[in-house]
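Visitor: My structure is below; once you've seen it, I'll send some questions.
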């Protein structure tokens, strides 16, 4: 966490300084909390008034604005801010432990160079792991799992047998990947467990949140595409395919055999039923329930989910139902009266 | 995973071959993916057209159909398929580890023969465990827990003190069973924790999904009945009783002191409030919110949950609320005009 | 679990006995299950009829009632009951293990006196822990975490680096505290991870349920206020502030940067979007979706959440939508007929 000048930061992100380029910047902070020697950013226009009153030394902006702070003008302020947070603060440091003698590593497992395996980790037979992986205590990696380079598995993550994981995949604590799908054949009142012989495949640059549960497939693999990011406590059903670049916010649930396109965004607690297809670039508002396939680019909300603009108007009117019902009765009476009069 | 002939499979499930009984079958697969030497099945009539184009060597069906593949005709195709998947692929093999010296087993614990206890497992005082149990790394079994025969606990499962578990119970990774119920007595602005002296009882053949949280009872036990299957990330409240044969799909939540009958099916993200009674054979659509007791055999959906046929029609009309409201205003105007005319 | 007389219990809670004060009481139980030598309580008036038929030796009540049992009259029966359960049954006993040689404790960690650290626990560099803490197997405590006195962390809890935890905090099994917030800067089709440099702060007397996921802040800390109790499988977003004395029931989800007041109660599966403000003493019905800020004292329900009394009436009318629509068409026809007649 070494101090930089504002010009250093501008050079780093390819931006332009308005104000004193020699200002020292130690830390990144929020618009309302930032103080001297701190840099902040404006991305959501709703917070623009705060730029005028900020105590920050510098603000990252997309266009010049009135401010007591110096400005760092860039094309994409949030992206520049990310780069600066990385520069000033860096990503988490992991304790360098090498291969702990208290890890249990099967003799048939193949580990690349520069991996760190903490105590209490279990790596089963025929696991293949690339280089530069960091495995925290209490992680379990089942037989025949394959893992790329530069992965980070936080404490108590469980990877079931046969799971295939790309490079630079991050899995937060207590997540389960590859547990049995919810598959039973019910016969004469008994639910018989169907062996789940599909795998889970996590492609490169996927991140899985804390406490997630990603089921293996019954026959087909469950797949999470390259660069998709999954929030905490998300449940993904067996055989579901999620395309690249998706963002699934915490507590989303997707049932089995759904097909999700690329760059789909789902808000918190969204539920998607099984065996449907969600197109590319679809956006789904928080807490929606999706029961039908959705074309590319749709923006939907509500349960059942419909076009989000319609949904906002329609769901807000539920509140008016008692009044609407009363009105209906009133109109009925008035018409009846008219009819009586007429007859 | 030894190859069989189609006749072998027919004999195994008590079915009839239409086509070449000597066909070799190596694997089970899906209708659209299956290829030569693979068998698949038709259970959902909606996929019937695919039977005509499948590249599978054989298809399990309930009645004869036109198909390039051989047919295996049985009464219950899904059940037969399950049996064949077990025959061809088997259930998961667990590494045979015996009792690991790196497990921490209290001297007062009693373990039956042929149990496998991995490293990093903790078994506390007075635990009783039957035979043939398989306990993965990182599992914790609290004092006085009782466990039957043939149970499988996946990595990092936590069983609290006094939990009673039947035979052939499977608990997926990172699940918690028997943690304290959410019980506090609020007095003068402080929430005082009430000791939760009830237990959790999981009867024979129960399966608990990854990351589930099954609370112990405050005074009464929490019970999950024989053969019930619970999906991932399900939360069960304190003192709730779930009958035998239920299927609770991922992310269901049931509050405390609810009483759920037998063979109840709940879709994903269903919520059930506490202190109500759900009858036998009730089916609840995904994402429904159940706030009142429900009689035997009901099929319900929506929040608040109502008869599912009504719910489908009614909830689909929320979309029409803006138009209905507009219509109401129009009718009002038209009636007023008529009235004016009349007066 | 030593037997007491009813008078002992009355003295303990400051209540008055109606009946035989020398009755022996061994256990606490529910109104319908309690038998001889057991005490129960009446708090919800709906169960008053059961007081007349209970087989309990004594019932804790707020006012004298007809009952075959002796009565213990107190101001707040539920609070008195809590005190009596503690007296008769106590809180959970934790096996006294001292500092296990199979725990991995960094040499720079500072632990107060009388802590119990079980096998398989990892305590990283510069952790500070007060006295009388009980840390179950498989817990991970990251670098620079600070923990007060008398905390209990159940098995496989994961505390990330820098988390600050007060005194008497209880964290149930498999919960994650301080994992990275869901924060990415999307640029040219790639989601770039933003280092999450905020912390999680759990104030004194907080309890966190099993399997919870409490994200650290991006820049600002995530805070859970003094005495707040969080149920199982709850997800709290980055930078969210929760005031003191809140009760969040299982499966609640709160997005990032929300500000929740004091003594807020949220029912199961409630969702709250980010960047809004929930006032003090707000109550939110189960499964509600809150998308706007809410003033102090509001009681709300539904998705979108509105005043709960309105919501109950309004949401119950969704069921009537088909009938209302039919009525609209009928009225339309009748008016048209009248108009035709008139013209």
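Protein chains in written order, with the numbering used here: chain A, 50 to 392; chain B, 50 to 392; chain C, 50 to 392.
For every residue, glycine included, the Cβ atom is placed at its ideal position computed from N, Cα and C.
Going by CA-CA distance only, name the one from A:70, A:159, A:353 that's closest to residue 118 of chain A.
Guide: Checked all of A:70, A:159, A:353; the closest Cα to residue 118 of chain A is A:70.
Visitor: Measure the Cβ-Cβ separation of residue 351 of chain B and residue 337 of chain B and say whether it is below 8 Å.
Guide: Yes, the pair counts as a contact, with Cβ atoms nearer than the cut-off.
Visitor: Does the distance from the C-beta atom of residue 75 of chain A to that of residue 86 of chain A stay below 8 Å?
Guide: Yes, the pair counts as a contact, with Cβ atoms nearer than the cut-off.
Visitor: Within a Cβ cutoff of 6 Å, which residues of the same chain sit near residue 229 of chain B, ignoring the five residues on either side of it in sequence?
Guide: Taken in chain order, the residues that qualify are 245.
Visitor: Return the first residue and the last residue of the beta strand (DSSP E) that residue 239 of chain C is part of.
Guide: Start and end: 239 to 242.
Visitor: Roughly how many angstroms separate the alpha carbons of residue 231 of chain B and residue 376 of chain A, rounded to a whole number?
Guide: Cα to Cα, residue 231 of chain B sits roughly 44 Å from residue 376 of chain A.
Visitor: Evaluate residue 277 of chain B with the Cβ neighbour count: other Cβ atoms within 10 Å of its Cβ, from every protein chain shown; 16 or more gives buried, anything less gives exposed.
Guide: Residue 277 of chain B should be labelled buried.
Visitor: Our contact map puts residue 382 of chain A next to residue 369 of chain C with C-beta atoms below 8 Å; I'd like the distance itself, whole angstroms only.
Guide: Going by Cβ atoms, the distance from residue 382 of chain A to residue 369 of chain C rounds to 18 Å, so no, they are not a contact pair.
Visitor: Mapping DSSP to helix, strand and coil, what is residue 251 of chain A?
Guide: Of the three classes helix, strand and coil, the one that applies to residue 251 of chain A here is strand, per DSSP.
Visitor: Contact check, residue 103 of chain C vs residue 89 of chain C under 8 Å by CB: the rounded distance?
Guide: Contact holds; Cβ gap of about 6 Å.
Visitor: Can you tell which of B:115, B:73, B:72, B:68 has its C-alpha closest to the C-alpha of residue 91 of chain B?
Guide: Among B:115, B:73, B:72, B:68, the Cα nearest to that of residue 91 of chain B belongs to B:115.
Visitor: Is residue 141 of chain C helix, strand or coil by DSSP?
Guide: Coil, per DSSP.
Visitor: From residue 364 of chain A to residue 367 of chain B, what distance separates their C-alpha atoms?
Guide: Looking at the two C-alpha atoms, the distance is approximately 7 Å.
Visitor: Which two residues bound the contiguous alpha helix (DSSP H) that contains residue 80 of chain A?
Guide: Residue 80 of chain A -> no alpha helix (DSSP H), and no H or E assigned at all.
Visitor: Under DSSP, the alpha helix (DSSP H) around residue 62 of chain A begins and ends at which residues?
Guide: 55 to 62 is the span of the alpha helix (DSSP H), which, as asked, contains residue 62 of chain A.
Visitor: Taking residue 340 of chain C as the reference, give the member of C:371, C:321, C:358 with the closest Cα.
Guide: With distances taken between Cα atoms, residue 340 of chain C lies closest to C:321.
Visitor: Taking DSSP as the reference, what is the three-state secondary structure of residue 375 of chain B?
Guide: Correct three-state label for residue 375 of chain B: helix.
Visitor: In the DSSP assignment, what residue or residues form a beta bridge with residue 228 of chain C?
Guide: According to DSSP, which records beta bridges pairwise, residue 228 of chain C is partnered with C:264.
Visitor: So, helix, strand or coil for residue 359 of chain B, using DSSP?
Guide: Three-state result, residue 359 of chain B: helix.
Visitor: The alpha helix (DSSP H) spanning residue 97 of chain A covers which residue range?
Guide: It spans 97 to 100 - the alpha helix (DSSP H) in which residue 97 of chain A sits, taken as one unbroken run.
Visitor: Report back the beta-carbon spacing between residue 294 of chain A and residue 251 of chain A to the nearest angstrom; my notes put them in contact at under 8 Å.
Guide: Not confirmed; about 14 Å, so no contact.
Visitor: Between which two residues does the beta strand (DSSP E) harbouring residue 259 of chain B extend?
Guide: No beta strand (DSSP E) holds residue 259 of chain B; DSSP gives it neither H nor E.
Visitor: So, at 7 Å on beta carbons, what are the nonlocal neighbours of residue 260 of chain B in its own chain, with the 5 sequence-adjacent residues on each side left out?
Guide: Hits under 7 Å: 223, 224, 281, 282.
Visitor: Tell me, please, whether the CB atom of residue 282 of chain A is closer than 8 Å to any CB atom in chain B?
Guide: At least one chain B Cβ lies under 8 Å of residue 282 of chain A.
Visitor: Is there at least one Cβ from chain B nearer than 8 Å to residue 94 of chain C's Cβ?
Guide: No, its Cβ sits nowhere closer than 8 Å to a Cβ of chain B.
Visitor: So residue 173 of chain A contacts chain B; which residues on that side make the cut at Cβ distance below 8 Å?
Guide: Chain B residues near residue 173 of chain A: 144.
Visitor: Exposed or buried, what is residue 239 of chain A when buried is set at 16 or more other beta-carbons lying within 10 Å of its beta-carbon?
Guide: Residue 239 of chain A is exposed by the Cβ-count criterion.
Visitor: For chain B, is any of its Cβ atoms less than 8 Å away from the one on residue 369 of chain A?
Guide: Yes, because at least one Cβ of chain B sits closer than 8 Å to the Cβ of residue 369 of chain A.
Visitor: How many angstroms separate the CA atom of residue 330 of chain A from the CA atom of residue 176 of chain C?
Guide: Rounded to the nearest angstrom, the two C-alpha atoms are 44 Å apart.
Visitor: Can residue 161 of chain B be considered in contact with the ligand ZN, in the sense that its beta carbon sits closer than 7 Å to one or more heavy atoms?
Guide: In the structure shown, the ligand ZN is absent, as is every other ligand, since no ligand is present at all.
Visitor: Per DSSP, which residues does residue 338 of chain B bridge with? Please list them.
Guide: According to DSSP, residue 338 of chain B bridges with B:320.
Visitor: Locate the beta strand (DSSP E) running through residue 235 of chain C, then write down its first and last residues.
Guide: From DSSP, the beta strand (DSSP E) with residue 235 of chain C extends over 233 to 236.
Visitor: Can you grab the Cα-Cα spacing for the pair residue 194 of chain C / residue 257 of chain C, in whole Å?
Guide: Distance between the alpha carbons of residue 194 of chain C and residue 257 of chain C is about 17 Å.
Visitor: Go ahead and label residue 73 of chain B buried or exposed: buried means 16 or more other beta carbons lie within 10 angstroms of its beta carbon, across all protein chains shown.
Guide: That one is exposed.
Visitor: Note the first and the last residue of the continuous beta strand (DSSP E) segment covering residue 87 of chain A.
Guide: From DSSP, the beta strand (DSSP E) with residue 87 of chain A extends over 87 to 90.
Visitor: Going along chain C in order, which residues have a C-beta closer than 9 Å to the C-beta of residue 135 of chain A?
Guide: By Cβ distance, chain C contributes 241, 242, 243, 244.
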